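To start, the structure under review is shown below, and the notes come after it.
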Amino acid sequence: MIERFLEQEKALVRVLGSDKRSCHLVPTWQDLDLLESINKAVKPLQEFTDALSAESYVSVSFIKPVLHLFKTSLLQPEEEDTELTKTIKGKIMRHPDDKYSDPVKDELLDMSSLVDPRFRTTFIDPDKNLVFIVKCNEEDIENLLRRTLHCIDCIRRERVGDDFEQGRLYRELDHHTRTFSELLMESRTGNDPIQGQYLVMMETLYGYLHTILTEYEATQRYSVTANSRMMPPTIVTNLPGRPRYSITNEQISHCLSMGMNWRTIANCFGISRRTLYRHRQHLGIQSLQYNGLTNQELNQIVTEVLQRTPNAGEAYITGSLRSRGLRIQRWRIRQSLHEVDPVGRSIRRRHAIRRRIYDVQTSNELWHFDSNHKLVRWRIVFHGCVDGFSRSIIYLTCLDNNRASSVLSLFVSGVELEQQQQSSSISGTTMDSPHGEVGLHYSSGMQV
Numbered sequence: 001m002i003e004r005f006l007e008q009e010k011a012l013v014r015v016l017g018s019d020k021r022s023c024h025l026v027p028t029w030q031d032l033d034l035l036e037s038i039n040k041a042v043k044p045l046q047e048f049t050d051a052l053s054a055e056s057y058v059s060v061s062f063i064k065p066v067l068h069l070f071k072t073s074l075l076q077p078e079e080e081d082t083e084l085t086k087t088i089k090g091k092i093m094r095h096p097d098d099k100y101s102d103p104v105k106d107e108l109l110d111m112s113s114l115v116d117p118r119f120r121t122t123f124i125d126p127d128k129n130l131v132f133i134v135k136c137n138e139e140d141i142e143n144l145l146r147r148t149l150h151c152i153d154c155i156r157r158e159r160v161g162d163d164f165e166q167g168r169l170y171r172e173l174d175h176h177t178r179t180f181s182e183l184l185m186e187s188r189t190g191n192d193p194i195q196g197q198y199l200v201m202m203e204t205l206y207g208y209l210h211t212i213l214t215e216y217e218a219t220q221r222y223s224v225t226a227n228s229r230m231m232p233p234t235i236v237t238n239l240p241g242r243p244r245y246s247i248t249n250e251q252i253s254h255c256l257s258m259g260m261n262w263r264t265i266a267n268c269f270g271i272s273r274r275t276l277y278r279h280r281q282h283l284g285i286q287s288l289q290y291n292g293l294t295n296q297e298l299n300q301i302v303t304e305v306l307q308r309t310p311n312a313g314e315a316y317i318t319g320s321l322r323s324r325g326l327r328i329q330r331w332r333i334r335q336s337l338h339e340v341d342p343v344g345r346s347i348r349r350r351h352a353i354r355r356r357i358y359d360v361q362t363s364n365e366l367w368h369f370d371s372n373h374k375l376v377r378w379r380i381v382f383h384g385c386v387d388g389f390s391r392s393i394i395y396l397t398c399l400d401n402n403r404a405s406s407v408l409s410l411f412v413s414g415v416e417l418e419q420q421q422q423s424s425s426i427s428g429t430t431m432d433s434p435h436g437e438v439g440l441h442y443s444s445g446m447q448v
């Protein structure tokens, strides 16, 4: 929200300053400095939380890497930071430091980080004595085996039980399998007391657990695919070609009564729109027909809806008519609203979202780049970029992909071309550029 406010600073100042009743709300330079300091301290954390939310398996083993990232990068004070920004970063960092400063908690976090194959000893202090981590006694292994066998027994009992409980048990089994994987890895390097026949037994158990998890994942993928489609049966006629689908008139009529269009019905049956069209022709099902209500009847229904919901618009009226089993053209609904409620329609139109107007002081201050995907089925993607001040084209090209690296290369080539044109105009050559100095800084690692 703060970043959005800073982006729209000029527009907000113009809007608030144009009204005497709100001119006192115009932010001062002290307010803007305060917001910029807060935004600079908090924005890296927002980007980090967005990236962390995309992780599929987040556990307690992430705490050590996250703390290390905070200390060395995200919350590390910089030279250009203001005193307020440094204070905010310091107070934010002080909270997790105090929370996990207990030696017992620190030992637990080190152990969980080591067990996770993604981190292992990367974020553990090398000066620590890791004997308590890499060494396992007989009691620890016995407890691990007991918990694993208990989890497998519960999974067998929950074969037809609650799906939520079954998912929890499989997640717990996956955690035990990861522990066995790390234990076997340490055993092969000589850091674990398991030797000989015990190592063979552990490898066999790990393979069995991995097989159970693989079968469960395959079952989940099949159930998701099967539940999303109702594949119709086929009719075997012993004739050449694929068997014909058996789709009845009642099935299609039922889907139409639920408000589905032809594309949705085809996806529901797992067939193409062309196949559905041939079955419609064979069954004699006509295209969707609109109801033949007169204008007076339509106005009466719209009036009834507006009496219950005075602020109802076109979309609400359309949904209300669909709930009554009526299909009316959009232009007729608009005309009826204009006749029945002209004042309310005008008021709602006044509150419509308008396109914002922004100011660009000079060329190369703001570039707009976008891509067009209307021909993507033929692997044709258009990429373009224009200058926000002069509206001149920076680049306009056609590629067969929409990768970030491709957009970055186009952006870099546009910057280099602007620099060449600027240097040519300064040296007095015939190449002239309407732009000013290119005030853009880029790097090969930027995110597009």
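With the UniProt record's numbering, the residue at position 40 of the sequence shown is 40, and numbering never jumps.
For every residue, glycine included, the Cβ atom is placed at its ideal position computed from N, Cα and C.
No experiment lies behind these values; they were computed from the predicted model shown.
DSSP beta-bridge partners for T397? For this step, residue 397 is matched to residue 397 along the sequence shown. DSSP output for T397 lists H383 as bridge partner(s).
Buried or exposed: D359, going by 16 or more other Cβ atoms within 10 Å of its Cβ? Along the sequence shown, one-based indexing puts residue 359 at 359. D359 is exposed by the Cβ-count criterion.
Rounded to whole angstroms, what is the Cα-Cα separation between D98 and K71? The residue you call residue 98 lines up with position 98 of the sequence shown. The residue you call residue 71 lines up with position 71 of the sequence shown. Answer to the nearest angstrom: the Cα atoms are 14 Å apart.
With a CB to CB cut of under 7 Å and the five nearest residues on each side skipped, what residues in its chain are close to S22? Position 22 of the sequence shown, counted from the start, is the residue given in the question as residue 22. Cβ within range, chain order: L16.
Let's see if you can read the secondary structure: which residues bound the alpha helix (DSSP H) around D33? On the sequence shown, residue 33 is found 33 positions in, with the first residue counted as 1. Per DSSP, D33 belongs to the alpha helix (DSSP H) from 29-53.
Ends of the alpha helix (DSSP H) at F269? Within the sequence shown, residue 269 is the residue found at index 269, counting from 1. Per DSSP, F269 belongs to the alpha helix (DSSP H) from 262-269.
Look up I301 in the DSSP assignment and say whether it is helix, strand or coil. To locate residue 301, count along the sequence shown from 1; it is residue 301. Correct three-state label for I301: helix.
Tell me, please, which residues DSSP counts as bridged to F369. Here residue 369 is taken as the residue at index 369 of the sequence shown, counted from 1. Beta-bridge pairing links F369 to C385.
Please classify D31: is it buried, with 16 or more other beta-carbons within 10 angstroms of its beta-carbon, or exposed? Taking the sequence shown and counting its residues from 1, one reaches residue 31 at position 31. D31 is exposed by the Cβ-count criterion.
Can you tell which of V66, E80, L283 has its C-alpha closest to the C-alpha of P96? For the purposes of this step, residue 96 is taken as residue 96 along the sequence shown, with counting starting at 1. Of the residues V66, E80, L283, the one whose Cα lies closest to the Cα of P96 is V66.
Does the beta-carbon distance from H383 to S405 come in below 9 Å? If you number the sequence shown from 1, residue 383 lands on position 383. If you number the sequence shown from 1, residue 405 lands on position 405. For the pair H383 and S405, the CB atoms are not nearer than the 9 Å cut-off.
Classify R356 as helix, strand or coil using the three-state DSSP reduction. Within the sequence shown, residue 356 is the residue found at index 356, counting from 1. Three-state DSSP puts R356 in coil, outside helix and strand.
Between the beta-carbon of G284 and the beta-carbon of N261, is there less than 9 Å? Here the question's residue 284 lines up with position 284 in the sequence shown. Here the question's residue 261 lines up with position 261 in the sequence shown. In this structure, N261 does not lie closer than 9 Å to G284 by Cβ.
Do you know how far the Cα of E107 is from the Cα of S61? Along the sequence shown, read from residue 1 onward, the residue named residue 61 stands at position 61. Along the sequence shown, read from residue 1 onward, the residue named residue 107 stands at position 107. Rounded to the nearest angstrom, the two C-alpha atoms are 12 Å apart.
Of all the options S113, T49, L256, which has the alpha carbon lying nearest to the alpha carbon of T179? The sequence position of residue 179 within the sequence shown is 179, counting from 1. Comparing Cα positions, the closest option is S113.
Name the two residues that bound the continuous alpha helix (DSSP H) containing C255. The count along the sequence shown starts at 1 and reaches residue 255 at position 255. The continuous alpha helix (DSSP H) containing C255 extends over residues 249-257.
Which partner residues of I235 appear in the DSSP bridge assignment? As a position in the sequence shown, residue 235 is number 235, starting the count at 1. According to DSSP, I235 bridges with R244.
Under the rule that 16 or more other beta-carbon atoms within 10 Å means buried, what is S336, buried or exposed? For the purposes of this step, residue 336 is identified with residue 336 of the sequence shown, where counting begins at 1. Counting Cβ neighbours within 10 Å, S336 comes out buried, since at least 16 surround it.
Measure from the alpha carbon of D254 to the alpha carbon of each residue in R244, F269, G344, then state which is nearest. By one-based count along the sequence shown, residue 254 stands at place 254. It should be noted that the sequence gives His, not Asp, for residue 254. Among R244, F269, G344, the Cα nearest to that of H254 is on F269.
Ignore the nearest five residues each way along the sequence and tell me which others in R345's own chain have a CB closer than 7 Å to its CB. Here residue 345 corresponds to residue number 345 of the sequence shown, with the count starting at 1. Cβ within range, chain order: L337, H338.
Return the chain-ordered list of same chain residues with a C-beta closer than 6 Å to the C-beta of K135, the five sequence neighbours on each side being excluded. As a working note, residue 135 is residue 135 in the sequence shown. Unreliable placement is indicated for K135, whose pLDDT of 48 sits below 50; the coordinate value is still reported in the next sentence. None.
So is the beta-carbon of N364 under 8 Å away from any non-hydrogen atom of the ligand ZN? This structure does not include the ligand ZN; it has no bound ligands of any sort.
Identify, in the order they occur along the chain, each residue of the same chain with its Cβ nearer than 7 Å to the Cβ of I317, setting aside the five sequence neighbours on each side. The residue you call residue 317 lines up with position 317 of the sequence shown. Only V302, V305, I333, L337 meet the Cβ criterion.
With H, G and I counted as helix, E and B as strand and the rest as coil, what does DSSP make of residue 463? Nothing about residue 463 can be read from this structure; the chain reaches only from 1 to 448.
If I measure Cβ to Cβ from S413 and keep anything under 8 Å in the same chain, skipping five residues before and after, which residues do I get? One-based indexing of the sequence shown puts residue 413 at position 413. Same-chain partners within the cutoff: Y395.
Environment of T237 [buried if 16+ CB atoms lie within 10 Å]: Locating residue 237 in the sequence shown gives position 237, where the first residue counts as 1. Classification for T237: exposed.
What is the rounded straight-line gap between the Cα of Q420 and the Cα of Q76? Along the sequence shown, read from residue 1 onward, the residue named residue 420 stands at position 420. Along the sequence shown, read from residue 1 onward, the residue named residue 76 stands at position 76. If I take the Cα positions, the gap works out to 38 Å.
CA nearest to the CA of I88, picked from I63, Q251, L35: Here residue 88 corresponds to residue number 88 of the sequence shown, with the count starting at 1. Answer by Cα proximity: L35.
Around the Cβ of S363, are there at least 16 other Cβ atoms within 10 angstroms (buried) or fewer (exposed)? To locate residue 363, count along the sequence shown from 1; it is residue 363. Buried.
Alpha carbon to alpha carbon, how far is R403 from H373? Give it in angstroms, no decimals. Taking the first residue of the sequence shown as position 1, residue 373 is located at position 373. Taking the first residue of the sequence shown as position 1, residue 403 is located at position 403. Taking the straight line from one Cα to the other gives about 13 Å.
Measuring CB to CB, does L293 end up less than 9 Å from L326? On the sequence shown, position 293 is the one that residue 293 refers to. On the sequence shown, position 326 is the one that residue 326 refers to. Contact flag set, yes.
Using a Cβ-Cβ cutoff of less than 8 Å, which residues in the same chain neighbour G398 once the five nearest sequence positions on both sides are dropped? Locating residue 398 in the sequence shown gives position 398, where the first residue counts as 1. According to the sequence as given, residue 398 is Cys; it is not Gly. Closer than 8 Å at Cβ, skipping near neighbours: I380, V381, F382, H383.
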